[in-house]
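Here is the structure we will look at, set down as structure tokens.
There are 2 protein chains.
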Amino acid sequence: MLSILAISLALGLSGAPALPQQPVAADAAIQATVGSAGFKAAAAALDRDFDRHVAETIRLTEIPSPPFKEAERAKVYLELLKRHGLTDVEMDAEGSVMGIRRGSANAAGGPLVAIAAHLDTVFPTGTNVTVKRTGTRLAAPGVGDDTRSLAVLLAFIRAMDAAKVQTKTDILFIGNVGEEGPGDLRGMRYLFTKSKYKDRITAFISADGTGAGNTITNGAVGSKRYHVAFKGPGGHSYGAFGIVSPAFAMANAIKRFGALTVPKTPKTTFSVGVVGGGTSVNSIPFETWMDIDMRSESPAELAKLDASFKALVAEAVTEENAARSTAQGKITAEVTLTGNRPSGQTASSQRIVQIASASIRAFGLTPSLSFSSTDSNIPISLGIPAITLVAGGTSDRAHALDEWIDLEKTSSLRGMQILLATLLTLAGMQ
Amino acid sequence: MLSILAISLALGLSGAPALPQQPVAADAAIQATVGSAGFKAAAAALDRDFDRHVAETIRLTEIPSPPFKEAERAKVYLELLKRHGLTDVEMDAEGSVMGIRRGSANAAGGPLVAIAAHLDTVFPTGTNVTVKRTGTRLAAPGVGDDTRSLAVLLAFIRAMDAAKVQTKTDILFIGNVGEEGPGDLRGMRYLFTKSKYKDRITAFISADGTGAGNTITNGAVGSKRYHVAFKGPGGHSYGAFGIVSPAFAMANAIKRFGALTVPKTPKTTFSVGVVGGGTSVNSIPFETWMDIDMRSESPAELAKLDASFKALVAEAVTEENAARSTAQGKITAEVTLTGNRPSGQTASSQRIVQIASASIRAFGLTPSLSFSSTDSNIPISLGIPAITLVAGGTSDRAHALDEWIDLEKTSSLRGMQILLATLLTLAGMQ
Chain D
1 MLSILAISLA LGLSGAPALP QQPVAADAAI QATVGSAGFK AAAAALDRDF
51 DRHVAETIRL TEIPSPPFKE AERAKVYLEL LKRHGLTDVE MDAEGSVMGI
101 RRGSANAAGG PLVAIAAHLD TVFPTGTNVT VKRTGTRLAA PGVGDDTRSL
151 AVLLAFIRAM DAAKVQTKTD ILFIGNVGEE GPGDLRGMRY LFTKSKYKDR
201 ITAFISADGT GAGNTITNGA VGSKRYHVAF KGPGGHSYGA FGIVSPAFAM
251 ANAIKRFGAL TVPKTPKTTF SVGVVGGGTS VNSIPFETWM DIDMRSESPA
301 ELAKLDASFK ALVAEAVTEE NAARSTAQGK ITAEVTLTGN RPSGQTASSQ
351 RIVQIASASI RAFGLTPSLS FSSTDSNIPI SLGIPAITLV AGGTSDRAHA
401 LDEWIDLEKT SSLRGMQILL ATLLTLAGMQ
Chain S
1001 MLSILAISLA LGLSGAPALP QQPVAADAAI QATVGSAGFK AAAAALDRDF
1051 DRHVAETIRL TEIPSPPFKE AERAKVYLEL LKRHGLTDVE MDAEGSVMGI
1101 RRGSANAAGG PLVAIAAHLD TVFPTGTNVT VKRTGTRLAA PGVGDDTRSL
1151 AVLLAFIRAM DAAKVQTKTD ILFIGNVGEE GPGDLRGMRY LFTKSKYKDR
1201 ITAFISADGT GAGNTITNGA VGSKRYHVAF KGPGGHSYGA FGIVSPAFAM
1251 ANAIKRFGAL TVPKTPKTTF SVGVVGGGTS VNSIPFETWM DIDMRSESPA
1301 ELAKLDASFK ALVAEAVTEE NAARSTAQGK ITAEVTLTGN RPSGQTASSQ
1351 RIVQIASASI RAFGLTPSLS FSSTDSNIPI SLGIPAITLV AGGTSDRAHA
1401 LDEWIDLEKT SSLRGMQILL ATLLTLAGMQ
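As given, the protein sequences belong to chains D and S, one line each in that order. Quick note on this note's numbering: the first sequence kicks off at 1 and runs consecutively. Quick note on this note's numbering: the second sequence kicks off at 1001 and runs consecutively.
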């Protein structure tokens, strides 16, 4: 999960948008699932199988999986998908691994439900990924974001098999690459725009992160990131005084950036994350640079902010070239797109949101909707019904070296059942 | 020499300030020196001794002497000063080495003339300082700035001894530390404010760099350098959006800095040399920083610029704390002085400038006055007559790895004689 999310719209709180008032059909569908002998047998299997689930979480966590270096973990996960009896198990051209659990005979080649956990962590090569276990608590970089979800998917397959659950549609189980920052959702981008499944997925669940299980991320916070390099002739700070400076041009751009106004709703943000440049205190730099980040819940607001940013960079360059001498050369700005996540929203009236909400209610929790930046951003931006859910347990410090999760059995199993009931209802139980 | 100097006021050029029109006494004094048997014998000794001078230049160049790591070269130079028969040879508390060539018997403890070359180069530990010799050309980092001048001082002592030259005042020969950037003139600062010679030096010559020998640096370009760290609470670029950012505060400061107006005369400059800060594109930085440089020929203008800079940093911080939320913490700025070179000028009417000009004329060249930032900045700022001179030869690429000098004999000897005649006239020949 890209970030711990600030906006969680608790349903029923005054002022927060409520879900549409016709949840009856969804509740009925979930009750049918949860009340079925098949689901009960699957839930019992999850319970019996829990220690293996924990062990699998540890095993997978201890295989390093930095951005763009997911191959080692991907290969192990591919083998696990095979051993779990999936068909069509493959690594796609982007490096994600996946396989099909067949639905009824006539499902082949038709619409399917996909559920994914991401293989990548934010941690670079060399990070110590040994899991420290204290009771039910597991501490290790990446353990909760998102390694445990990989193990949840495997536990689901085993539970469905143990319970002889047959779904109407195929279910595609995915361990995908490229969810975290630099990956820029490359796994999902490939899956939904180039892979053989791109036109078959009619509902998508990203299983990402750990938590009570009552949060449905149906809003995709979009982002654009740029590396901007301001370049100029450079020179001696005293001898060449009076010539244009990339530092002054960049400062002008950053000051203008900081003065932009953005709406609170839909939430829209901007930030200068990293700055650098120059070689010595007594030289006018020949280059300064910055990495900037812009986000919005709204594609239109993000596009507006993006246009404003590009314009202010150009204006800052023009102003610096007018303010000082260009006799030795002009200032230029190279604006490189380094991240591009589409924003959007799966309407709360969509069946996938209704089903997930009903499942959360069925297990005694109150659903809340949230915006975040997850693998679901891609299908959401393409109009494909998609949500991101967690699978129980508790956690903290994602993206930090002291990341931990607590797989206390009762709360963990509850979250897993919410997720499984949602998945099975979407896929349809025979 | 800190930098290749932009301002060289060729005397006699229209518009350039001319030397006062009473050089007669100075010319007469120089003619007396140059026409003396002692000087002629010393000049002949310099000629005979030239190969040794070149060899000594190479030897000293090949002893690395980075800023704050001059000790190895200093020890060798100390031994050379001893072997050249100086008295009171010592390394002072700052690391500079020096010794006295006694004047007439009654000179002991009285006013003296000092001549210094600096031991330090700009090059860090590990730089290849092997000298490549091609004919009269020597290429190596630091060879011209200022190692050759160290060898010039030794050649002078040998020539004076060979010619049995006796001066009226003592002459203090110095190989000093800390001329280049980070050294911040620490060698001279100690010599003129703390050492046992601090009240005895009535005329000071810095022998620095290589060139025709007609330039007298009597103006000290002063500088102030700061490292400014802008600090704030930091946070997630999306989750914590709206809090104050060090990047915006710094940009505001830099933009204001760039908008300052400074006089062309006395030349006054400012620059942002290096910027940095921030940890990731999706975080609001908890710190950004910049290294800035301000210079002026005028102490008053430098002080004015310095005050403006400090004020604009404070204003930028105040504005950022007003523009965004300080709920998580405020922006602060830590302004650390990293360089402080006083400016000033030895008036062209001063005897030391008149004598040097007369010496240059005596060898057929046209004197020109210039401003620079050299070891002379310190005595100049204290009102002690001081100039910086070169000792003939040609050079280029100071401060670059491909630095070179050409010790073509005729031009090199001419520069050395100009410098020696100036020194001996200031010290007085018996």
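In this text, a Cβ means the ideal position worked out from N, Cα and C, and glycines have one as well. For clarity, every value in this text was computed on a predicted model and none was experimentally measured.
- Message: Once DSSP output is grouped into helix, strand and coil, what is the label at Arg324/D?
- Response: Within the first sequence, residue 324/D is the residue found at index 324, counting from 1. DSSP places Arg324/D in coil when its eight states are reduced to three.
- Query: Cα separation between Gly1273/S and Phe1248/S?
  - Reply: As a working note, residue 1273/S is residue 273 in the second sequence. As a working note, residue 1248/S is residue 248 in the second sequence. Going from the Cα of Gly1273/S to the Cα of Phe1248/S covers about 18 Å.
- Task: May I ask you to report which of helix, strand or coil DSSP gives Ala1333/S?
- Result: What you label residue 1333/S is simply residue 333 of the second sequence in a count that begins at 1. Residue state, collapsed to three classes: strand.
- Message: Let's test the definition: count the other Cβ atoms within 10 Å of the Cβ of Glu1056/S and tell me whether it reaches 16, buried, or not, exposed.
- Response: What you label residue 1056/S is simply residue 56 of the second sequence in a count that begins at 1. Buried is the call here.
- Message: Could you compute how far the alpha carbon of Thr1130/S sits from the alpha carbon of Asp1120/S?
- Response: Here the question's residue 1130/S lines up with position 130 in the second sequence. Here the question's residue 1120/S lines up with position 120 in the second sequence. Taking the straight line from one Cα to the other gives about 16 Å.
- Query: chain D partners of Ile1378/S, CB-CB under 7 Å?
  - Reply: Taking the second sequence and counting its residues from 1, one reaches residue 1378/S at position 378. Within chain D, no residue comes near Ile1378/S; the closest Cβ sits about 18 Å away, beyond 7 Å.
- Quick one: does Ile331/D have its CB under 8 Å from some CB of chain S? Position 331 of the first sequence, counted from the start, is the residue given in the question as residue 331/D. With 8 Å as the cut-off, Ile331/D does not count as an interface residue toward chain S.
- What residue does the beta strand (DSSP E) around Arg1225/S start on, and which one ends it? As a first step, residue 1225/S is located in the second sequence; it is residue number 225 there, counting from the start. Run containing Arg1225/S: 1222-1231, per the beta strand (DSSP E) assignment.
- Item | Same chain, Cβ closer than 8 Å to Tyr1077/S, neighbours up to 5 away in sequence not counted | As a working mapping, residue 1077/S is identified with position 77 in the second sequence. For Tyr1077/S, where only same-chain residues beyond five positions count, the Cβ hits under 8 Å are Leu1060, Val1097, Leu1119, Leu1150, Gly1175.
- Message: Could you check whether the Cβ of Val1281/S sits closer than 8 Å to any Cβ belonging to chain D?
- Response: The residue given as residue 1281/S occupies position 281 in the second sequence. Closer than 8 Å: yes.
- Message: Does the CB of Val1313/S have a neighbour CB from chain D at under 8 Å?
- Response: Your numbering for residue 1313/S matches position 313 in the second sequence. Taking Cβ atoms only, chain D never reaches closer than 8 Å to Val1313/S, which makes this a no.
- Message: Can you look up Ile1292/S in the DSSP assignment and give me helix, strand or coil?
- Response: As a working note, residue 1292/S is residue 292 in the second sequence. DSSP places Ile1292/S in strand when its eight states are reduced to three.
- Task: Using a Cβ cut-off of 9 Å, pull out every chain D residue sitting near Asn1252/S, in sequence order please.
- Result: Position 252 of the second sequence, counted from the first residue, corresponds to residue 1252/S. The answer, in chain order, is Ala251, Ile254, Lys255, Gly258.
- Message: Using a Cβ-Cβ cutoff of 8 Å, what residues of the stretch 341-368 of chain D are near chain S? List them in chain order.
- Response: none
- Hey, is Thr288/D's beta-carbon within less than 8 Å of any beta-carbon in chain S? For the purposes of this step, residue 288/D is taken as the residue at position 288 of the first sequence. Cβ-Cβ to chain S under 8 Å: yes for Thr288/D.
- Query: Taking 8 Å as the CB-CB limit, is Gly1273/S close to chain D?
  - Reply: Position 273 of the second sequence, counted from the first residue, corresponds to residue 1273/S. Chain D contact via Cβ: present.
- Item | Stretch-stretch touch, CB-based, cutoff 8 Å, three pairs: the stretch 180-192 of chain D with the stretch 374-392 of chain D | yes
- Min CB distance Phe1241/S to chain D below 8 Å: Start at 1 with the first residue of the second sequence, and residue 1241/S comes out as number 241. It does: the Cβ of Phe1241/S has a partner Cβ on chain D nearer than 8 Å.
- What runs of the beta strand (DSSP E), each 3 residues or longer, lie entirely inside the stretch 1225-1291 of chain S? 1268-1277
- Which residues in the same chain have their Cβ closer than 7 Å to the Cβ of Thr968/S, if we skip the five residues on either side of it in sequence? This structure cannot settle anything about residue 968/S, because the visible part of chain S is limited to 1001 through 1430.
- Message: Let me check understanding here. Comparing Cα to Cα, which of Phe1039/S, Pro1182/S, Ile1380/S lies closest to Thr1193/S?
- Response: Sequence index remark: in the second sequence, residue 1193/S carries index 193 (1-based). Ranking Phe1039/S, Pro1182/S, Ile1380/S by Cα distance to Thr1193/S puts Ile1380/S first.
- Shorter than 8 Å from the beta carbon of Val390/D to some beta carbon of chain S? Residue mapping note: residue 390/D aligns to position 390 of the first sequence, counting from 1. Closer than 8 Å: no.
- In angstroms, rounded to a whole number, what distance separates the CA positions of Leu424/D and Pro182/D? For the purposes of this step, residue 424/D is taken as residue 424 along the first sequence, with counting starting at 1. For the purposes of this step, residue 182/D is taken as residue 182 along the first sequence, with counting starting at 1. Distance between the alpha carbons of Leu424/D and Pro182/D is about 33 Å.
- Query: If you drop the 5 nearest sequence neighbours on each side, which residues of the same chain put their C-beta closer than 6 Å to that of Thr1147/S?
  - Reply: By 1-based counting over the second sequence, the position of residue 1147/S is 147. Excluding sequence neighbours, Thr1147/S sits near Leu1060, Thr1061.
- CB of Lys1255/S within 8 Å of CB of Lys255/D, strictly: Counting from 1 along the second sequence, the entry for residue 1255/S is found at position 255. Counting from 1 along the first sequence, the entry for residue 255/D is found at position 255. In this structure, Lys255/D lies closer than 8 Å to Lys1255/S by Cβ.
- With Ile171/D as the anchor, note down where its beta strand (DSSP E) starts and where it stops. If you number the first sequence from 1, residue 171/D lands on position 171. Where Ile171/D is concerned, the enclosing beta strand (DSSP E) stretches over 170-176.
- Message: Going by DSSP in three states, Ala1207/S sits in which element: helix, strand or coil?
- Response: Your numbering for residue 1207/S matches position 207 in the second sequence. It is a strand residue.
- Item | Simplified DSSP state of Met429/D, which is helix, strand or coil | What you label residue 429/D is simply residue 429 of the first sequence in a count that begins at 1. Note: Met429/D maps to strand in three-state DSSP.
- Item | Pick from Phe1156/S, Phe1286/S, Gly1213/S, Asn1106/S that is closest to Gly1234/S, judged by C-alpha positions | Here the question's residue 1234/S lines up with position 234 in the second sequence. It is Phe1286/S.
- Item | Candidates Ala1043/S, Met1290/S, Arg1414/S, Val1262/S: closest to Arg1158/S by CA position | On the second sequence, residue 1158/S is found 158 positions in, with the first residue counted as 1. Arg1158/S has its Cα closest to that of Ala1043/S, out of Ala1043/S, Met1290/S, Arg1414/S, Val1262/S.
- Residue interval of the beta strand (DSSP E) (run including Arg1101/S): What you label residue 1101/S is simply residue 101 of the second sequence in a count that begins at 1. First-last of the beta strand (DSSP E) with Arg1101/S: 1097-1101.
- Since Val1034/S is in the alpha helix (DSSP H), which residue starts that stretch and which ends it? Working through the second sequence from its first residue, we reach residue 1034/S at position 34. Counting along the chain, the alpha helix (DSSP H) containing Val1034/S begins and ends at 1024-1035.
- Item | Three-state class that DSSP yields for Thr507/D in the structure shown | It is not possible to answer for residue 507/D, since the shown part of chain D is limited to 1 through 430.
- Message: Counting C-beta neighbours from all protein chains within 10 Å, is the total for Asn218/D 16 or more, i.e. buried, or is it exposed?
- Response: Within the first sequence, the letter at position 218 stands for residue 218/D. When all chains shown are included, Asn218/D counts as buried.
- Query: What residues of chain S sit near Thr269/D, judged by a beta carbon separation below 7 Å?
  - Reply: Position 269 of the first sequence holds residue 269/D. Residues of chain S passing the Cβ test: Ser1237, Tyr1238, Phe1241.
- Message: Could you give the first and the last residue of the continuous alpha helix (DSSP H) run that contains Ala358/D?
- Response: In the first sequence, residue 358/D corresponds to position 358, counting from 1. Run containing Ala358/D: 351-362, per the alpha helix (DSSP H) assignment.
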